[in-house]
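Undergrad: Counted the way the working numbering counts, the sequence shown spans residues 618 to 1010. Positions of the beta carbon are idealized from the N, C-alpha and C atoms, including for glycine. Remember, it's a predicted structure, so these values are computed and weren't measured experimentally.
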Amino acid sequence: MNVEVIKFGGTSLKTKKMREKVVKIIQSLIKQNNKVIVVVSAIGRYPDYYATDSLRRLAPNASLQEMDLLMSVGETISTVVLSSELKNKNIKSIAINTYELGFATNSEFNNANIIKVNKEYLNKYLDLYDVLVVPGFQGIDEEGKVTTLGRGGSDFSAVVLAHQFGAKRVKIYSDVQGLMTANPKEVKDARLIRTIGYDEVINMSYQGAKVVHYKAVEYAKEHNIEIELRSALNNDPGTVVKHINYKKKKIIGLGSIENLLYLVINFKDNLHLKQDEFFKILSKFNIEIDFLVFSPKEIKFVINDIDSEILNKTFEKKEIKVSLVKECAKIALVNNNPNYNSNFIIKAISYLLKNDINILNVSNSYTTVWLLVEKKDLAKSLNLIHDYFKLGG
618 MNVEVIKFGG TSLKTKKMRE KVVKIIQSLI KQNNKVIVVV SAIGRYPDYY ATDSLRRLAP
678 NASLQEMDLL MSVGETISTV VLSSELKNKN IKSIAINTYE LGFATNSEFN NANIIKVNKE
738 YLNKYLDLYD VLVVPGFQGI DEEGKVTTLG RGGSDFSAVV LAHQFGAKRV KIYSDVQGLM
798 TANPKEVKDA RLIRTIGYDE VINMSYQGAK VVHYKAVEYA KEHNIEIELR SALNNDPGTV
858 VKHINYKKKK IIGLGSIENL LYLVINFKDN LHLKQDEFFK ILSKFNIEID FLVFSPKEIK
918 FVINDIDSEI LNKTFEKKEI KVSLVKECAK IALVNNNPNY NSNFIIKAIS YLLKNDINIL
978 NVSNSYTTVW LLVEKKDLAK SLNLIHDYFK LGG
C-alpha cells in the first residue's frame, strides 16, 4: 500500500472554488492507486472566522491550555468540510479527530512537541478508506488534553506523518507558486526558487517566508524527506526542498515579517517595575520577542502585532508605561555560507542608508542578517536589496 501525504494551507481551503481544486488534486492521486492522508489547516487567514488568529482573539484572557482547546477547532472544522466535499464526489473519505490522529505530545501548550505517534487508528482507517483528512497543528498530552504545535504546526504534522508512513516526499500546497526570492506582493522582480537546501529554507521560513514552517523542514532534513512547495491553483512543480551542496557563495533570498511593533520601556517611568517581572509577563503568555536590547535604563524589544492586545491589557493592569511604540518590519538576508556575512552586511546597510532608509536595528548570525526598518519602508527596502544583489536573475 503506497501512502501519499499532502497538506493544504488555510488559503487553499478558503472558498468553495478553492476546495474544488483541492478535491481534483486528491482525485488525481487516488487514480494513481495511492492511499492519501490529507493534513489541513484552519480555513482562511485572519480575519476569517475560523482562522487560528481569529479564534485566538476571541478569548484574550484564556489560559494557554484553554487557548489550545479553542485554536484546535479551526482544523477540526476543515477536516469535516473537506471530507464532506470529497464524499460528494463519491470518494471514500473520513474526517479524523485529534484523538484518532495519534500524536502524543508534551504539555507545553501553544508550542508542544510530538513525543511519539500511534498509528493504530490511521492504519485501521486506511484499510477502509481511500482518503483520511486529518487536523494539523495539534495533538494530545498524556492527560488527554488538546495541545497545539505552534505557528505553522500543520506543516510539521504533515512531515511527521510522511516519515511514519514511509513517504520520501511530502507535498505542501498553498495559494502561492512556491518559495520566492522575496515576497512577490512587495517585490516586483521576485522569482521562483526551483530547488533549495534545507538549511537555507529553514532560515527563510523562520524569517517570514510563509510557504513552509521551519520546524517541518528541520524534521524533513533529519529524516531525509523532500518537500514540494506547490500552488493548489495550477500544476506547476513549484519548489523542491532537499539536500544541496552549493558550489558558489551567494544570497539565496529575502525573508520579511511585517506587522511588528517596536516598544521601549523606560525604568525611570516605571519605578515599580522589577526587571524580572517583565520577562515573567512574556513567559506567562508565551509572547515571542525579537531585537531585545536590555540595559539598566530601559528595555527595547519587538513583538508581533497579534500579541499586542494581550500585552497591552497586562501592561495597563500593572500600570506599566510604554514610552515609544513604532510600527516596523523585519528583513532577513539569507545566504548559503557563514563566511559571507561580514562582507555583505556593510554593503546592504550602506546601500539602504544611501537611499534614505531608517534602520532601527541590525542583527546577524551564521547565515542570516536581520534588518529592522520602519513599516512604511518595507517594500522600498526589499526592492532595493533585491536589485542590489541581483536576486531577480
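Do Leu846 and Val858 have their beta-carbon atoms positioned less than 8 Å apart in this structure?
TA: yes
Undergrad: Could you name the residues that DSSP lists as bridge partners for Glu898?
TA: The amino acid at residue 898 is misidentified as Glu; the sequence shows Ile. Looking at the DSSP assignment, Ile898 forms no beta bridge with any residue, so it has no partner.
Undergrad: By how many angstroms is the C-alpha of Lys865 removed from the C-alpha of Tyr951?
TA: Note that residue 951 is Val in the sequence shown, not Tyr. Going from the Cα of Val951 to the Cα of Lys865 covers about 14 Å.
Undergrad: For chain B, check one thing: does any of its Cβ atoms lie closer than 8 Å to the Cβ of Ile810?
TA: Among the chains of the structure shown, chain B does not appear; only one protein chain is present.
Undergrad: So who's on the other strand from Phe782, going by DSSP bridges?
TA: Answer is none; Phe782 lacks a bridge partner.
Undergrad: From this set, Lys741, Ala721, Ala784, Lys638, which residue's C-alpha is nearest Gln755's C-alpha?
TA: Ala721
Undergrad: Can you name the start and end residues of the alpha helix (DSSP H) that Ala837 belongs to?
TA: 831-839
Undergrad: Checking 8 Å against the spacing of the C-beta atoms, do Leu681 and Asn978 come in under that value?
TA: Contact flag unset, no.
Undergrad: Which whole-angstrom value describes the C-beta separation of Glu817 and Asn953, a residue pair presumed to lie in contact below a C-beta threshold of 8 Å?
TA: 6 Å
Undergrad: Let's see if you can read the secondary structure: which residues bound the beta strand (DSSP E) around Val639?
TA: No beta strand (DSSP E) holds Val639; the alpha helix (DSSP H) holding it covers 633-648.
Undergrad: Report the three-state DSSP secondary structure of Phe754 (helix, strand or coil).
TA: Coil at Phe754, not helix or strand.
Undergrad: DSSP state of Lys805, grouped into three classes?
TA: coil
Undergrad: In the DSSP output, which residue or residues are listed as bridge partners for Thr570?
TA: Outside the displayed span of the chain (618 to 1010) sits residue 570, for which this structure offers no information.
Undergrad: Using 8 Å as the cut-off, can you tell me whether the segment 982-999 makes contact with the segment 938-948, which would need three or more C-beta pairs spanning the two stretches below that distance?
TA: yes
Undergrad: With a 10 Å radius around its C-beta and 16 neighbouring C-beta atoms as the bar for buried, classify Leu745 as buried or exposed.
TA: exposed
Undergrad: To the nearest angstrom, report how far apart Glu759 and Asn723 are at their CA atoms.
TA: 7 Å
Undergrad: Which runs of the alpha helix (DSSP H) fall wholly inside the segment 911-944 and span at least 4 residues, in chain order?
TA: 925-934
Undergrad: When DSSP labels each residue in this structure, what does Thr765 get in the three-state scheme?
TA: strand
Undergrad: Helix or strand or just coil, what does DSSP make of Leu888?
TA: DSSP, read as helix, strand or coil, puts Leu888 in coil.
Undergrad: Of all the options Pro677, Ser998, Leu871, which has the alpha carbon lying nearest to the alpha carbon of Ser967?
TA: Comparing alpha-carbon positions, the option among Pro677, Ser998, Leu871 lying closest to Ser967 turns out to be Ser998.
Undergrad: What residue from Ile654, Asn740, Met797, Val804 has the CA that sits closest to Ile813's CA?
TA: Of the residues Ile654, Asn740, Met797, Val804, the one whose Cα lies closest to the Cα of Ile813 is Met797.
Undergrad: Verify the contact flag: Asn903, CB atom, against every heavy atom of the ligand MG, threshold strictly below 7 Å.
TA: With respect to the ligand MG, the structure shown offers nothing to examine, as it has no ligands at all.
Undergrad: Could you tell me the alpha carbon to alpha carbon distance between Gln824 and Leu995, rounded to whole angstroms?
TA: 14 Å
Undergrad: Have a look at Asn852 and Val657 and give me their C-alpha separation to the nearest angstrom.
TA: Whole-angstrom Cα-Cα distance: 20 Å.
Undergrad: For Leu970, count neighbouring C-beta atoms within 10 Å of its own C-beta (all shown protein chains included) and say buried if the count is 16 or more, exposed if not.
TA: So Leu970 ends up on the exposed side.
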